[in-house]
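Working notes, structure below.
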Amino acid sequence: MGRRVFFSFHYERDIFRVNVVRNSNMVKGSIEAGYIDSSLWEEAKLKGDAAIKRMINGALDNTSVTVVLIGQETASRPYVRYEIEQSLARSNGLLGIYIHNISDARSFLSALQINTQGDNPFRHVHERKGGFDIPLSYRVNCYDWINDNGYQHFGNWVEQAARDAGR
10 MGRRVFFSFH
20 YERDIFRVNV
30 VRNSNMVKGS
40 IEAGYIDSSL
50 WEEAKLKGDA
60 AIKRMINGAL
70 DNTSVTVVLI
80 GQETASRPYV
90 RYEIEQSLAR
100 SNGLLGIYIH
110 NISDARSFLS
120 ALQINTQGDN
130 PFRHVHERKG
140 GFDIPLSYRV
150 NCYDWINDNG
160 YQHFGNWVEQ
170 AARDAGR
């Protein structure tokens, strides 16, 4: 059985790019992935903030690593921040993967669009160390799926994040 991973991402803007990562053979072959189905997400949104947080907490159960798939707007999403905070509280390994360089093949126009690298969401979540609030970006590794050959290295990145967290 593979390591259980939770994927955090901005659904509306990045789902095609996210699926490129999730459906790669390296992810399917070595990682048991946890993510929230869009229909469950929509249902929870109708029930409110508490329902969404319960759903996220349930999806995080029994995971050892949280992978934040970083698109252009991911860092500004409130539930991405919540997922990072909850992952930190559970001592999950953390890592970020920039996905803006993955082509979005949903339309011809997407090839003409420029997708810029989004802000590092780990800059916005802090942990207390030696009396100081330190952003997680100082210790959480982030990679680029295309430029750092995520297809080949994803499993190693996940294992390193787990080791860094003592898992």
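In our numbering, the protein residues as written are 10 to 176. The beta-carbon is built from N, C-alpha and C at its ideal position, and this holds for glycine as well. This structure is a prediction, so every number in the text was calculated from the model and none was measured.
- Taking C-alpha positions only, N150 is separated from E136 by approximately 16 Å.
- Secondary structure of F18 (DSSP, three-state): coil.
- Distances from the CA of R31 to each of G159, Q81 and G102 were compared; the closest alpha carbon is that of G159.
- Around V27, the same chain offers F18 and L78 as residues with beta carbons nearer than 6 Å, after the five sequence neighbours per side are excluded.
- Per DSSP, the unbroken alpha helix (DSSP H) holding P87 starts and ends at P87 to A98.
- When secondary structure is reduced to three states using DSSP, R148 falls in the coil class, being assigned neither helix nor strand.
- By the CB criterion at 8 Å, R90 and V134 fall inside the cutoff.
- For the 8 Å CB-CB criterion, S73 and R13 form a contact.
- In the three-state reduction of the DSSP assignment, I61 falls in the helix class.
- Between the alpha carbons of S146 and Q81 lies a distance of about 17 Å.
- Residue pairing of T75 in beta bridges, as defined by DSSP: F15 and L103.
- CA-CA distance, I65 to G139, rounds to 30 Å.
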